[in-house]
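Novice:
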Amino acid sequence: MIETILIDARTPEPVIMQALEELSACSLYGVDCETQNSQAHDGIKKLGSKKLIFDHRRSVVTGFSWYVDRSNVAYYVNLNHADIENRLPDSFVFRWFNAIPKSAMGIAHNAPYELTTFKQRYNLWLPNLVCSMQLAVTAHGPDNYDHEVFSKSTLANIRPIIDSILQEFSQYDPEKHGRNLTADQAFVYGQFAGKSSKAAHSYNGFVDRIAYGYGLKKLTKSLFDYDMTTYEQCLNGREHMGQLTGEETKSYGAEDAYWCVQVFKALKAKLLAQNPKALVTFFKQENPMIYVFAEAQVEGLSLNVEEIYARQELERVHTAQLLREIKAALRKLLPFDRELNEPLAKAQSYYAKSGAKKRQQIVDWVKTPDSDDPFEMVTQVSNPIGNAWANTQGNGRLNINYWQTARVIFYDLLKHKPVRVAGKIASDAEARGRITLTFSKNGETDKLELMALLNKLSSVEQAMKLYITPYTHLIDPETGKVYPTISSLLATRRMAMSNPNAMQLAKYGDSAYVRSYFESDSKDHVVLSADWSGVELVLIGDYSGDPEFARCFGQIPYDDLHSGSAADCLAVKTLEGLTESHFLDFRYGRNPLNYDLRHLQSGEEMTPQKYFKYIRTEIGKGANFNYWYSGALGNVGDRLKWSTDEMWLGVDRYRDRFSVAEEWRVNLCEQVARYGYIELPDGQRRERFEATPAWWLHMQRKFAAQGGGRAMENFSELFMKGMQSRAKNQAVNAMIQGSCAGMAKQAILRIRETADMRYVRFMMPIHDELVFSVHKDYILEFIPILKAAMNQQPTYVKTLPLHCTVAIGKTFGVKDQIELDEASPIEGVIPEEYEGKPLSEHIIQRVIDHIMESR
DNA sequence: ACTGTCGGCGCG
DNA sequence: AAAGCGCGCCGACAGT
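If you want my numbering, it's the 1-based position in the first sequence plus 36.
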């Protein structure tokens with residue numbers, strides 16, 4: 037590290053002048069700001085106990101640091117530290133800002149944060165800023181590591197679960213059992229191999245430990261073997277940065293400004309040597325997005341605050357009533373058997389351990405008298421509604437819908453045979469569906485009633501805990517807005533959103549209403565959303581050159597790929613001998629061969645039209661994604677109740693239709709197995725060392741070093757096989773989703789250049805969808821600009837035409853959004869003859885007027 | 001009281 | 001032989 041100089045009210049002017057002169061002559065500098073969030077609004081503070089969220093509208097900049105490349109000093113400025121008398125006024129920030137040369141490049145780690153803060157507090161956009169964290173994302177994935185380090189690291193982290201692995205896999209025979217694991221085997225396998233587990237004992241945990249990482253401290257460690265001071269060390273027990281003096285903070289603050297430059301230079305050099313194409317993409321595509329992210333955060337999203345609180349009120353009353361009914365329904369079904377359910381106790385250790393306690397809690401609650409008061413009623417048991425209302429936690433109380441309780445109810449009290457998915461006992465929505473079906477077949481009405489009530493409760497709980505409650509905490513009381521963070525730090529370089537994540541708004545089902553709480557920026561704006569049509573599949577078609585894809589996607593409007601896949605899948609056994617043209621008959625209500633059309637889960641009879649729509653999406657679209665990202669049809673097969681043989685028969689059928697694309701997929705898998713990475717057309721790579729034979733050998737050695745003999749060998753082979761095929765699937769997925777993400781970024785950047793941004797604001801990306809707030813008088817002009825930006829993608833798509841559809845509405849609500857390219861008639865606005873077709877400009881104007889009148 | 005882990009579910 | 005990928009977020013429990 038280098039020397040750091042504190043600049044505060046005591047600093048002699050010549051020192052300041054010298055520092056600013058150095059800055060004004062530089063071409064590269066690092067910058068970092070320190071903030072404290074003690075002024076955050078109450079809602080965010082409430083969330084503060086669970087996770088750190090910045091209320092950037094109220095954050096106080098305690099100071100900032102900068103470092104000029106190759107200098108021997110870094111500076112830290114006291115703006116709002118505890119030594120009040122030494123603070124410098126805001127004017128210093130402007131003086132500093134003005135000293136930055138126009139041509140200089142600034143580096144910050146997590147630059148959107150610096151951008152947002154300087155904009156919010158001083159109304160300054162730091163120019164030419166480059167994010168060293170974003171560069172790390174271009175340089176490596178979140179789960180990539182130095183192969184040397186990988187080779188040297190032992191698998192010691194597996195030790196906590198090694199006994200259960202050996203125990204469960206002692207009787208496992210790969211020849212005989214294959215993928216058919218018992219519940220306990222599946223559990224322990226999942227503990228180590230789980231895709232989304234970050235547990236220390238898991239493989240992901242192992243990788244996490246050795247990964248380069250994205251955080252500045254981890255990168256500095258992995259690139260320079262330097263241990264930076266941590267935030268906690270710097271705070272040293274104090275609550276926030278504002279409680280430290282400038283002197284106490286200076287070296288911590290300045291470290292960041294120094295090291296982000298070093299990280300930038302190291303990663304840039306590495307990319308220049310290994311993959312210059314990706315470096316170009318970084319500067320022209322990935323890094324410019326940091327300004328988009330910062331702008332989106334500064335502006336935030338407008339919410340209908342009144343409706344949110346009204347809904348909260350309503351659902352509280354609703355939940356109280358549901359709980360009364362659930363209690364009554366349970367009362368009818370009690371008591372439990374005297375003894376615990378033996379097979380369940382064997383299959384589920386938590387049940388053996390605490391099943392009796394759960395039973396007792398249920399019995400006790402049922403005995404508790406109901407209350408007419410909703411608050412009392414919803415706080416009798418633990419649930420997201422009551423807990424948010426009373427501002428409390430579960431604290432060991434009964435939660436009716438918690439998976440353990442649910443399983444005690446389903447498999448103990450109601451005596452349903454445990455539903456298993458891949459060996460593991462399940463209690464999710466699908467399992468509940470199957471259980472309901474059984475009770476329905478048996479005519480067990482009391483049990484059916486309970487199931488229905490529990491489903492209702494879980495639906496309300498989900499909407500409240502995922503949307504309503506967090507929103508009430510995140511809404512800024514002054515603006516009625518939320519200020520989500522958008523980032524692109526994912527393995528595929530897709531974008532993500534958090535606090536709140538508006539990408540995960542329900543579109544169907546009971547909580548779809550939440551979407552309508554998201555509003556345009558002002559009363560004379562609309563929410564405009566544009567979706568690419570089938571873009572992931574179009575890309576597979578484009579990259580592979582497959583003639584069947586070309587037939588489908590070679591012209592606008594596209595033909596329908598999902599129906600053909602759906603028909604193929606149904607033909608395997610559900611509707612034997614079904615052809616695509618017979619399936620298409622269903623769309624128009626025809627069923628000349630009198631097929632028996634039923635819902636796959638409930639068995640309910642369906643009209644041909646409804647069946648068509650349902651199957652096309654669930655099975656057709658499902659099969660397409662299932663296949664290309666897995667090389668098989670496991671999910672679809674489960675839904676269609678296929679045996680293994682039937683599944684592979686379905687796969688053969690599917691592959692036959694797309695033999696060229698299949699060859700492309702296989703080649704891509706071979707590529708990643710050979711080179712350890714795949715490369716997108718923009719040069720960005722996704723590394724998957726896990727796909728290579730070298731990885732296999734390393735892992736074999738690592739497992740062997742852990743001992744355990746035959747059982748461990750069997751376990752490890754099962755894992756390694758699974759991991760290798762997963763890595764290949766990830767490569768295919770990264771190729772497609774990564775390209776889509778690049779297209780979305782290109783489109784957003786292009787729109788900022790070509791549209792009049794005084795009348796349009798980018799609200800958020802939703803992967804294949806871009807959402808804007810647009811002034812009513814600018815919509816007609818904007819749409820062609822938008823479509824050109826989205827559909828002209830020379831980097832990614834070479835042969836097939838791209839297509840997108842636009843919808844506008846008063847809100848983002850499903851019912852409010854009016855489709856402009858696949859119209860549904862509205863009386864007096866959209867004439868009948870436009871059904872399913874694009875609207876003329878004249879009619880679009882009528883739609884706009886219609887929306888404005890409805891305000 | 002805090003952390004790590006897990007099941008579950010919303011989206012593309 | 002093979003058996004979807006990518007996320008963010010919540011709440012309960014177990015271990016400390």
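Just so you know, even glycine gets a beta-carbon here, dropped at the ideal spot from N, CA and C.
Model, not experiment: these values are computed from the prediction.
Buried or exposed, going by whether 16 or more other CB atoms sit within 10 Å of the CB of residue 208?
Specialist: Start at 1 with the first residue of the first sequence, and residue 208 comes out as number 172. With 16 or more other Cβ atoms within 10 Å, it is buried.
Novice: Under a three-way DSSP split, which group does residue 484 fall into?
Specialist: Within the first sequence, numbered from 1, the residue matching residue 484 stands at position 448. If DSSP states are grouped into helix, strand and coil, residue 484 belongs with the helices.
Novice: Whole angstroms is fine: what's the gap from residue 218's alpha carbon to residue 83's?
Specialist: Numbered from 1 along the first sequence, position 182 holds the residue referred to as residue 218. Numbered from 1 along the first sequence, position 47 holds the residue referred to as residue 83. Rounded to the nearest angstrom, the two C-alpha atoms are 40 Å apart.
Novice: Using a Cβ-Cβ cutoff of less than 6 Å, which residues in the same chain neighbour residue 801 once the five nearest sequence positions on both sides are dropped?
Specialist: As a working mapping, residue 801 is identified with position 765 in the first sequence. Excluding sequence neighbours, residue 801 sits near 531 and 780.
Novice: In the DSSP assignment, the alpha helix (DSSP H) including residue 167 goes from what residue to what residue?
Specialist: Within the first sequence, residue 167 is the residue found at index 131, counting from 1. Looking at the DSSP string, residue 167 is not in any alpha helix (DSSP H); the run it does join, the beta strand (DSSP E), is 165–167.
Novice: Taking the DSSP output, what are the residues bridged to residue 523?
Specialist: Indexing the first sequence from 1 puts residue 523 at position 487. BP columns for residue 523 point to 532.
Novice: Exposed or buried, residue 255, counting other C-beta atoms within 10 Å across all chains shown (16 or more means buried)?
Specialist: Within the first sequence, residue 255 is the residue found at index 219, counting from 1. It is buried - the Cβ of residue 255 has at least 16 other Cβ atoms within 10 Å.
Novice: Is it true that the CB of residue 739 sits closer than 9 Å to the CB of residue 205?
Specialist: By 1-based counting over the first sequence, the position of residue 205 is 169. By 1-based counting over the first sequence, the position of residue 739 is 703. Result no, Cβ atoms of residue 205 and residue 739 do not sit closer than 9 Å.
Novice: Does the region 608–620 come into contact with the region 669–681, if we say contact requires no fewer than three beta-carbon pairs (one atom in each stretch) closer than 8 Å?
Specialist: Segments in contact, yes.
Novice: Any chance the region 61–81 sits against the region 507–525, with 3 or more Cβ pairs inside 8 Å?
Specialist: Result yes; three or more Cβ-Cβ pairs closer than 8 Å.
Novice: Do the region 279–296 and the region 59–78 make contact, defined as three or more Cβ pairs closer than 8 Å?
Specialist: The region 279–296 vs the region 59–78: in contact.
Novice: Residues in the same chain with beta-carbon distance under 6 Å from residue 227, minus the five sequence neighbours each way, listed in chain order, please.
Specialist: Residue mapping note: residue 227 aligns to position 191 of the first sequence, counting from 1. So the qualifying residues of the chain are 197.
Novice: Over what stretch of residues does the beta strand (DSSP E) that includes residue 577 continue unbroken?
Specialist: Start at 1 with the first residue of the first sequence, and residue 577 comes out as number 541. Note, residue 577: premise wrong, no beta strand (DSSP E); alpha helix (DSSP H) at 571–580.
Novice: Going by DSSP in three states, residue 759 sits in which element: helix, strand or coil?
Specialist: Your numbering for residue 759 matches position 723 in the first sequence. The answer is helix: DSSP assigns residue 759 an H, G or I state.
Novice: In whole angstroms, what is the alpha-carbon distance linking residue 565 and residue 808?
Specialist: Locating residue 565 in the first sequence gives position 529, counting from the first residue. Locating residue 808 in the first sequence gives position 772, counting from the first residue. Rounded to the nearest angstrom, the two C-alpha atoms are 6 Å apart.
Novice: Please state whether the Cβ-Cβ distance between residue 803 and residue 773 is less than 9 Å.
Specialist: Taking the first residue of the first sequence as 1, we reach residue 803 at position 767. Taking the first residue of the first sequence as 1, we reach residue 773 at position 737. Result yes, Cβ atoms of residue 803 and residue 773 sit closer than 9 Å.
Novice: With DSSP run on the structure shown, which of helix, strand or coil describes residue 561?
Specialist: As a position in the first sequence, residue 561 is number 525, starting the count at 1. DSSP places residue 561 in strand when its eight states are reduced to three.
Novice: I need the DSSP call for residue 801, collapsed to helix, strand or coil.
Specialist: One-based indexing of the first sequence puts residue 801 at position 765. Residue 801: strand per DSSP, three-state reduction.
Novice: Check whether the Cβ atoms of residue 653 and residue 500 sit closer than 9 Å, and answer yes or no.
Specialist: To locate residue 653, count along the first sequence from 1; it is residue 617. To locate residue 500, count along the first sequence from 1; it is residue 464. No, these two residues do not count as a Cβ contact at 9 Å.
Novice: When the distance is taken between beta carbons, is residue 743 closer than 9 Å to residue 730?
Specialist: Counting from one through the first sequence, the residue named residue 730 turns up at place 694. Counting from one through the first sequence, the residue named residue 743 turns up at place 707. Against a cut-off of 9 Å, the Cβ pair of residue 743 and residue 730 comes out as no contact.
Novice: If I'm right that residue 258 touches residue 251 with Cβ under 8 Å, what's the distance once you round it to whole angstroms?
Specialist: The residue given as residue 258 occupies position 222 in the first sequence. The residue given as residue 251 occupies position 215 in the first sequence. About 10 Å separates the two Cβ atoms, so there is no contact after all.
Novice: Hey, is the region 431–438 in contact with the region 405–418, meaning 3+ C-beta pairs nearer than 8 Å?
Specialist: The region 431–438 vs the region 405–418: in contact.
Novice: Can you pull the DSSP bridge partners for residue 339?
Specialist: Here residue 339 corresponds to residue number 303 of the first sequence, with the count starting at 1. 554, per the DSSP bridge assignment.
Novice: Rounded to whole angstroms, what's the CA-CA distance from residue 97 to residue 114? Just pull it up for me.
Specialist: Against the first sequence, residue 97 aligns to sequence position 61. Against the first sequence, residue 114 aligns to sequence position 78. Cα-Cα distance, rounded: 9 Å.
Novice: Under 8 Å by Cβ, that's how I've got residue 763 and residue 701 pegged, so tell me the actual separation to the nearest angstrom.
Specialist: Position 727 of the first sequence holds residue 763. Position 665 of the first sequence holds residue 701. In fact, because the Cβ distance is near 14 Å, the residues do not count as touching under 8 Å.
Novice: Just verifying my parser: in three-state terms, what is the DSSP assignment at residue 143?
Specialist: Numbered from 1 along the first sequence, position 107 holds the residue referred to as residue 143. Residue 143: strand per DSSP, three-state reduction.
Novice: Contact defined as beta carbons within less than 8 Å: I believe residue 767 pairs with residue 577. What is the distance between those atoms, to the nearest angstrom?
Specialist: Here the question's residue 767 lines up with position 731 in the first sequence. Here the question's residue 577 lines up with position 541 in the first sequence. Their Cβ separation, rounded to whole angstroms, is 18 Å, which puts residue 767 and residue 577 out of contact at 8 Å.
Novice: If residue 619 and residue 599 are in contact, beta carbons under 8 Å, what's the gap, nearest whole angstrom?
Specialist: If you number the first sequence from 1, residue 619 lands on position 583. If you number the first sequence from 1, residue 599 lands on position 563. About 6 Å; that satisfies the 8 Å criterion.
Novice: Would you kindly report the start and end of the unbroken alpha helix (DSSP H) that includes residue 511?
Specialist: Mapped onto the first sequence, residue 511 falls at position 475. Neither: residue 511 is in no alpha helix (DSSP H) and is coded neither H nor E.
Novice: Residue 195: which of 342, 514 and 748 sits nearest, CA to CA?
Specialist: Along the first sequence, read from residue 1 onward, the residue named residue 195 stands at position 159. Among 342, 514 and 748, the Cα nearest to that of residue 195 is on 748.
Novice: Whole angstroms is fine: what's the gap from residue 518's alpha carbon to residue 633's?
Specialist: Your numbering for residue 518 matches position 482 in the first sequence. Your numbering for residue 633 matches position 597 in the first sequence. Their backbone Cα atoms lie some 45 Å apart in a straight line.
Novice: Would you mind working out which of 847, 575 and 47 sits nearest residue 771, comparing C-alpha positions?
Specialist: The count along the first sequence starts at 1 and reaches residue 771 at position 735. Taking only the C-alpha atoms, the option nearest residue 771 is 575.
Novice: Give the DSSP bridge partners of residue 114, in chain order.
Specialist: As a working mapping, residue 114 is identified with position 78 in the first sequence. DSSP, once it has assigned bridges, lists 99 as partnering residue 114.
Novice: Hey, how far is the Cα of residue 680 from the Cα of residue 214?
Specialist: Indexing the first sequence from 1 puts residue 680 at position 644. Indexing the first sequence from 1 puts residue 214 at position 178. Cα to Cα, the separation comes out at about 12 Å.
Novice: Locate the beta strand (DSSP E) running through residue 594, then write down its first and last residues.
Specialist: As a working mapping, residue 594 is identified with position 558 in the first sequence. No beta strand (DSSP E) holds residue 594; DSSP gives it neither H nor E.
Novice: Inspect the CB distances between the region 859–876 and the region 810–821 and report whether three or more fall short of 8 Å.
Specialist: Judged by Cβ distances under 8 Å, the region 859–876 makes no contact with the region 810–821, as fewer than three pairs qualify.
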